[in-house]
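Just so we're aligned, residue 3 is where the sequence shown starts under this note's numbering, counting upward by one. Notes follow once the structure below has been shown.
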Amino acid sequence: MLFENQQIATAELPSVETVQFQSLPPQALKLRTIGWCITQGLILLILLGVMLFGAVFKQKWPWLLVFGAWALQAIYFFWMARRRFYREGYAVREKDIIHIKGYWLRTQLTVPYNRVQHVEIEQGPLARAFGLGGISVYTAGDSGGDLSISGIEYAEAERIKQFIAQKVGNDE
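Below, the structure is given as structure tokens:
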């Protein structure tokens, strides 16, 4: 048997721009906003606790800087969270699943079904209240190729899991 390895012109490869990505549902933005507010509230409580005990500063003006910096980062991260949400999507295709996310740093992860080790669905108490969940697709090895999509409808996550399980079962 003769080994062949023909070169392929990159111009002939399929373009990822032709993929129609599925957006996350609007409830996912609400869920992420609630999580963000809880995180920012905890940071603010810590700052207030330090201020009340006077552990760091004896003067008032540095606290204005600290809370000003907190307010600026809170506004920035709230703004960025919304931008990232609208740039996130996923596509389930015949032979693979793609997840795209990020605003400044765009990440696109494609996992072919023949590399899938197992699939898991997660749903926390807040996500359950919104009817949302997350799906994680784990690959063989430790190459960082695991794919995780949070904030999709729980029923959709179950359908995707069933589809991938069927594909993985057929490939073996």
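In this text, a Cβ means the ideal position worked out from N, Cα and C, and glycines have one as well. Given the structure is predicted, the values throughout are model-derived calculations rather than measurements.
| query | result |
| --- | --- |
| Pick from Leu-50, Gln-119, Arg-89 that is closest to Leu-107, judged by C-alpha positions | Arg-89 |
| Chain-order list of residues whose beta-carbon lies under 8 Å from that of Ala-30 (same chain, five-residue window excluded) | Phe-87, Phe-132, Leu-134, Ser-152, Gly-153, Ile-154 |
| Distance, Leu-33 Cα to Ala-129 Cα | 7 Å |
| Alpha helix (DSSP H) segment containing Leu-26, residue limits | Careful: Leu-26 lies outside any alpha helix (DSSP H) and carries neither H nor E. |
| Spatial distance of Glu-124 from Phe-79 (CA atoms) | 25 Å |
| Any 3 or more C-beta pairs closer than 8 Å across the region 5-12 and the region 90-100 | no |
| Through-space distance from Pro-64 to Gly-143, alpha-carbon basis | 49 Å |
| Inter-stretch contact at 8 Å, needing at least 3 Cβ pairs: the region 163-173 / the region 109-128 | yes |
| Reduced DSSP category for Gln-75 - H, G, I as helix; E, B as strand; rest coil | helix |
| Delimiting residues of the beta strand (DSSP E) encompassing Leu-15 | First-last for Leu-15: undefined, no H or E at that position. |
| Residues sharing a beta bridge with Tyr-92, DSSP | Gln-24, His-101 |
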